[in-house]
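Just so you know, the sequences run in chain order A, B and C. Mind the numbering: the first sequence is residues 31 to 344 in the numbering used here, read in order. Mind the numbering: the second sequence is residues 256 to 695 in the numbering used here, read in order. Mind the numbering: the third sequence is residues 3 to 300 in the numbering used here, read in order.
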Amino acid sequence: MRLNRTELILLGVALLLAAGGLIAPQWLVFLLTMALAKSMVVQGVVMQMRAGLVTFGQGLYFCVGGYAVGMSGHFLDISDLALLLVIGVGAAVLLAMLLGLLMTRYREIFFAMLSLAFSMILYGVLVKSSALGSTDGFNVKAWSLFGWSPAQGQAPLALFIIIVGVCAVLAVLLHRYSRSSAGMMCEAIRENEVRVEYLGQSPRWVLYMNYVAAAAVSALGGGFMALSAGHIDPEMAYWITSGEFVFIALLGGTAHVAAPFIAAIVFAVVRTYAIELVPHSWQMILGFTLLAIIVFLPKGLWSLFTGQARRAKA
Amino acid sequence: MHNYKKTMIKHPLALAIAATGLALSLTTSVQAAENGKFRIGIVTFLSGPAAGPFGEPSANAAKVLVEGLNQGKLPAPYNTIGINGAEIEVVIIDEAGGAAKQVEEFRNLVQRQKVDAVVGYISSGDCLAIAPVAEELGAMTVFYDCGTSQLFNEDKSPQFVFRTSLDAAVDNIGAARYLAKVRPDAQKVAGIQQNYAWGQDSWNDFTHSMEQLMPKAKVVESQMPKVFQGQYGAEISALSVKRPDIIHSSFWGGDMEALVLQANARGLLEDATAVLTCGESAIDRYKDQAPNGMIIGGRGPFGAFAPDNELNRWFKGSYQAAYKTDPTYPASKMAQAILGLKHAAENAKVEAGKVPAPLEIAKAFKGATFESVSGQVQMARAGGHQAMQGIAYGEYQYDAANKKGGVHNVIAFNGECVTPPDGTTALEWIKAGFPGAQCN
Amino acid sequence: MSLFAVLIDGTIYASWLFLVAAGLTVIYGVMRILNMAHGSFYAIGAYTAASLVGWYFNNGIGPVWAGYLLMLGCALVAGLIVGLIIERGLLRFMYGRDEVLMVIITYALLLVLEDSMKMVWGVNPYFAYQPYAEMGRSALAGLKVSNYDLMLVGVSVVLGLCLWLWLERTHQGKVLRAVIHDREVAMAMGVNVRRMFTLVFVLGTMLGTLAGALTAPAISVVPGMGVEIIVLAFAVVVVGGMGSIEGAAVGALLVGLSRAAAVHYAPEFELFVIYGVMALVLAVRPQGLFGRVLARKI
């Protein structure tokens, strides 16, 4: 398997980041861990945006991934990180295979609203369930990996390195996916679905497969979020959480697989400093930032790197 | 289609530069509390529906108290400057955004802003998420408002986490006891709660307490509308249809005010007596829109139920002077948490003027008894980490001449009567009939 | 007895839903913008009304009926001003962009407006109850109902009829329907679509603020109230079909009655009712009840 230039660079940056984690302050490591976990969910959103669908309900799979991890630890006493994540992804894939049958019949605003509806239904179910703590949620137990447990106080750093590794592999895979025939088909569907049909492909089943894949990626993010924050609650499925993912997706743009990672980190940094410096109006700062990006950098932050910004304004 | 290959050459360099630049800029950020001051991180709701009724009074109380302490204006035994002689500085952040974000911000407070103690948290979800992180980081943490009975269930031997507010079960055990005294003949009980953990737990605790204390009363209706719904037309109709004698509600904030307004306008509160466990927080806002005789609580001896001691007189006076209104129960609770922290820090056997380490403060806080605006507080539960106090309920009364709301017919129950002991969950204690309770 | 209560409660709730959703559906129908900031307009209307009405009644300034006029008037003025500023100052430059991008722009607007409201009005709840309480109550077959709620039903019926008449019977309305049906052809026929957009957006904003102002006396106005109603309004609009006033009315009735039925007979399902109805309607009729099936353009 030959890695092309981009993939090598992605892996290189990941190595740098992991090494940086060893010397960076702990709060930064934690911030980056959570940002990377979120960025995986955003990858799921971007995968669907490339196909022309905006989802306001990706929180559904984010939540499924997180709760699968939390519940497996709580009720089944599983603490192996790899196994927990596999369970999370598996649960999300099963759910996506079911829901995808309905969702792929819709486009545009109806798709967005239906995805929102389903994530809110999950929210409602979780809120009603007092066994799962309702809106308080519950804490996620400590993890181990193939029998190895991180030393006291080292868990956040260990998780950071693991998540950087997983993100690197994911980035390479998604990069290949977006340049594969399946990924190209998604973009073709976004441009003109009718033409794709006339060319003999079924947009519905391409979108279905894309939907399920995006769900799996998002559930992975949800699982990591549960492990790093140590706590899960139904708010993961609330529509505002999903809106945040869309926000980050737009911030980064859909052009390159690295964009969601960068956007998620920028978002986390901007937000935490906004909260510290202007605790009473940090939402407004976020709103203005988003507006500025949309007005001046419609293709997202990524266009800064490609020089497309100037071209887009023309 | 773009030729990706050409443009990508520019990317990696820019990427690497950006990433490194970001990392460097952040590692050299705010260096803190090595400046000899006692830095407290205050976390409460500054945005969203909980800001008005809870977050803002709490933040205001913190400011009043810290200012007073730094000038040494408090009455004894708190008349020393600051905390243990060190000036207090406050970092206040917003509790909004959910538990995962609050965990991140807590770590930022402790590791980036290097606070010496964290005081805060209204939402039970946040408290549950923060507790293990506080233990992990060894950060002195005082929860001042959250009520979840689950807080000390997971970690049975906490070191750094303390709660100076009461377990929420106390609210509803107290409400049931009050009803048993003032309305012993009530036959039909209904309830309306917000449909989330707080409302569900409150109703559970209340109905089980009623089963023990007023076995003849039957539950005829339970409504659980969505949080922040604001409009309760259908729920009020559903309640009226069942003709209850008592209506219990753990509503708070805007929902509570809307409920009272709408229910009163439709006559529901004339036919039934409402019991609002958080009612005191809006005592100066109901005016004549709440019926006289509506039963309200303050989640303990806070706000209008606070005793008339020197500390409370100073607190009420300063708060009035700064904010033109009496402090409600969230404000009293924040004051209590800060006073408890000061008490523990000054009893930590550290020389005057120095900021004690979290472990030292924690050792002094454990099992402590200290004076507060609400009277005496004993850290007598959860192995010395959970405060135990009594609770009072009273009937709302509107003084039209002076345009002021107040409470009368107040009955107080002492801590031993309404607080579940260690070793059993609140619900189990209630279901067993409150074994070991010593009531007056 | 309960059935009657369900009917009354359902109708009252439906009238409120219609008031909230009407502006949203009009804006979407014409401009194809799913305006997330509609919740903020609702909140602005509520805050404006609550603060002005509260001031008016607490200081006993004038007669009661003038208070009502003040409430309506200030809401309409607030809607006019806010709508003009946003449309002329921001949205005007964004037309023609991707539909989804427009939604995100309105989401950013929502964030900005939420904190702006906090800066203007603070975080304390506004409790301007006098118009609600003054009207008293009536007894309808054993159920005591607030007259204010009944008045709201009347107002929303009148408003719905006016909107419908305007769309169906006036020239302006026909032009608007043409734009809803096919924007490009309307432009080709010489319709000044840009001016129409300004008109419609301001109208939609004013409907939003009006809904907020009318609701304010019955509730306690708190920060974040705008966010809560967005999903409700969206659901009603999607169920009814975007751009259709009849659709919004029928959708509101459907959701209102189902919810009232759930509250009375099966309170455990109350949380899911609205999403269940939406999913059901969309499964059967993907464009909403009164939505027009748009021909796919190649």
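Quick reminder that beta carbons are idealized off the backbone N, C-alpha and C, glycines included.
So which residues on chain E does residue i lean against when the C-beta distance must stay under 7 Å?
{"i": "residue 251 of chain A", "result": "The question asks about chain E, but that chain is absent: this structure's protein chains are A, B and C."}
Return the CA-CA distance between residue i and residue j, expressed in angstroms with no decimal places.
{"i": "residue 76 of chain C", "j": "residue 205 of chain C", "result": "15 Å"}
{"i": "residue 265 of chain C", "j": "residue 208 of chain A", "result": "48 Å"}
{"i": "residue 435 of chain B", "j": "residue 294 of chain B", "result": "46 Å"}
{"i": "residue 292 of chain C", "j": "residue 32 of chain C", "result": "15 Å"}
{"i": "residue 309 of chain B", "j": "residue 260 of chain A", "result": "27 Å"}
{"i": "residue 228 of chain C", "j": "residue 397 of chain B", "result": "33 Å"}
{"i": "residue 447 of chain B", "j": "residue 508 of chain B", "result": "14 Å"}
{"i": "residue 284 of chain A", "j": "residue 82 of chain A", "result": "11 Å"}
{"i": "residue 283 of chain B", "j": "residue 117 of chain A", "result": "Low local confidence applies: a pLDDT of 43 at residue 283 of chain B is under 50, so the model's placement there is unreliable, and no value is given."}
{"i": "residue 26 of chain C", "j": "residue 34 of chain C", "result": "10 Å"}
{"i": "residue 380 of chain B", "j": "residue 167 of chain C", "result": "50 Å"}
{"i": "residue 375 of chain B", "j": "residue 382 of chain B", "result": "9 Å"}
{"i": "residue 15 of chain C", "j": "residue 692 of chain B", "result": "46 Å"}
{"i": "residue 58 of chain C", "j": "residue 215 of chain C", "result": "14 Å"}
{"i": "residue 666 of chain B", "j": "residue 433 of chain B", "result": "7 Å"}
{"i": "residue 556 of chain B", "j": "residue 544 of chain B", "result": "25 Å"}
{"i": "residue 197 of chain C", "j": "residue 185 of chain A", "result": "60 Å"}
{"i": "residue 91 of chain A", "j": "residue 596 of chain B", "result": "42 Å"}
Bridge partners for residue i per DSSP, in chain order?
{"i": "residue 653 of chain B", "result": "B/660"}
{"i": "residue 519 of chain B", "result": "Partner(s): none; residue 519 of chain B has no beta bridge."}
{"i": "residue 504 of chain B", "result": "B/531"}
{"i": "residue 27 of chain C", "result": "BP columns for residue 27 of chain C are empty, so no partner."}
{"i": "residue 298 of chain B", "result": "B/348, B/375"}
{"i": "residue 630 of chain B", "result": "B/627"}
{"i": "residue 18 of chain C", "result": "Beta-bridge pairing links residue 18 of chain C to no other residue."}
{"i": "residue 169 of chain A", "result": "A/261"}
So, is residue i buried or exposed, given that buried needs 16 or more other C-beta atoms within 10 angstroms?
{"i": "residue 486 of chain B", "result": "buried"}
{"i": "residue 164 of chain C", "result": "exposed"}
{"i": "residue 290 of chain B", "result": "exposed"}
{"i": "residue 264 of chain A", "result": "buried"}
{"i": "residue 250 of chain B", "result": "There is simply no residue 250 of chain B to check, as chain B begins at 256 and stops at 695 in what is shown."}
{"i": "residue 419 of chain B", "result": "buried"}
{"i": "residue 276 of chain C", "result": "buried"}
{"i": "residue 684 of chain B", "result": "buried"}
{"i": "residue 285 of chain B", "result": "Note that residue 285 of chain B scores a pLDDT of 43, beneath 50, so its modelled location is shaky and nothing firm can be said."}
{"i": "residue 302 of chain A", "result": "buried"}
{"i": "residue 97 of chain C", "result": "exposed"}
{"i": "residue 265 of chain B", "result": "Caution applies to residue 265 of chain B, whose pLDDT of 45 falls short of 50 and renders its modelled position unreliable; the value that the coordinates give is listed next. Exposed, since its Cβ has fewer than 16 Cβ neighbours within 10 Å."}
{"i": "residue 287 of chain A", "result": "buried"}
Problem set entry | Interface positions of the region 215–241 of chain C facing chain B (Cβ-Cβ less than 8 Å), listed along the chain | Those would be 217, 220, 221, 222, 223, 224, 225, 226, 227, 230, in chain order.
Problem set entry | contact_flag[the region 550–568 of chain B, the region 643–657 of chain B] where n(CB pairs < 8 Å) is 3 or more | yes
For this session: Give a yes or no on contact between the region 346–354 of chain B and the region 41–54 of chain A, applying the rule of three or more CB pairs nearer than 8 Å.
Result: no
Exercise. Taking any Cβ of chain C, which residues in the region 467–494 of chain B have a Cβ under 8 Å from it, in chain order?
Worked result: Of all residues in the region 467–494 of chain B, 477, 478, 479, 480, 481, 483, 484, 485, 486, 488, 489, 490, 492, 493 have a Cβ within less than 8 Å of some Cβ in chain C.
Exercise. Got a sec: which bits of the region 113–124 of chain C sit with their beta carbon under 7 Å from any beta carbon on chain B, in order along the chain?
Worked result: 120
For this session: For the region 41–69 of chain C, enumerate the residues whose C-beta is nearer than 8 Å to any C-beta of chain B, in chain order.
Result: none
For this session: For the region 255–277 of chain C, enumerate the residues whose C-beta is nearer than 8 Å to any C-beta of chain A, in chain order.
Result: 270, 273, 274, 277
Exercise. Between the region 38–47 of chain C and the region 180–200 of chain C, do at least 3 Cβ pairs fall closer than 8 Å?
Worked result: Not touching, per the Cβ criterion.
Exercise. When Cβ atoms are compared, which residues of the region 258–283 of chain A fall closer than 8 Å to chain C?
Worked result: 269, 270, 273, 276, 277, 280
Problem set entry | Inter-stretch contact at 8 Å, needing at least 3 Cβ pairs: the region 107–117 of chain A / the region 56–75 of chain A | no
Problem set entry | Residues, ordered as in the chain, of the region 309–320 of chain A that lie near chain C by beta-carbon distance below 9 Å | Answer set for the region 309–320 of chain A: 310, 311, 312, 313, 314, 315, 316, 317, 318, 319, 320.
For this session: Decide yes or no for the touch test of the region 472–489 of chain B against the region 528–537 of chain B: beta carbon pairs closer than 8 Å, at least 3 of them.
Result: no
For this session: Spell out a yes or no on whether the region 145–159 of chain A and the region 247–254 of chain A are touching, meaning 3 or more CB-CB pairs, one atom from each, closer than 8 Å.
Result: With a cut-off of 8 Å, the region 247–254 of chain A and the region 145–159 of chain A do not count as touching, because too few Cβ pairs lie within range.
For this session: Name, going along the chain, the residues of the region 141–162 of chain A whose beta-carbon falls closer than 9 Å to a beta-carbon of chain C.
Result: 142, 143, 144, 146, 147, 148, 150, 151, 153, 154, 155, 157, 158
For this session: Report the residues of the region 372–383 of chain B with a CB closer than 8 Å to any CB of chain A, ordered along the chain.
Result: 379, 380, 383
Exercise. Per the contact definition of three or more C-beta pairs closer than 8 Å, is the region 315–329 of chain B in contact with the region 569–577 of chain B?
Worked result: yes
For this session: Could you say if the region 54–68 of chain C and the region 131–144 of chain C meet the contact criterion of at least three C-beta pairs nearer than 8 Å?
Result: yes
Problem set entry | Touching by the beta-carbon criterion (3+ pairs, under 8 Å), the region 509–524 of chain B and the region 457–465 of chain B | no
Exercise. Quick one: any contact between the region 249–262 of chain C and the region 5–23 of chain C, if contact means 3 or more CB pairs under 8 Å?
Worked result: yes
Problem set entry | Interfacial residues, the region 498–531 of chain B to chain C, with Cβ spacing under 7 Å | 508, 509, 512, 513, 516, 517, 520, 521, 522
Problem set entry | Residues within the region 124–139 of chain A neighbouring chain C, beta-carbon criterion of under 8 Å | 132, 135, 136, 138, 139
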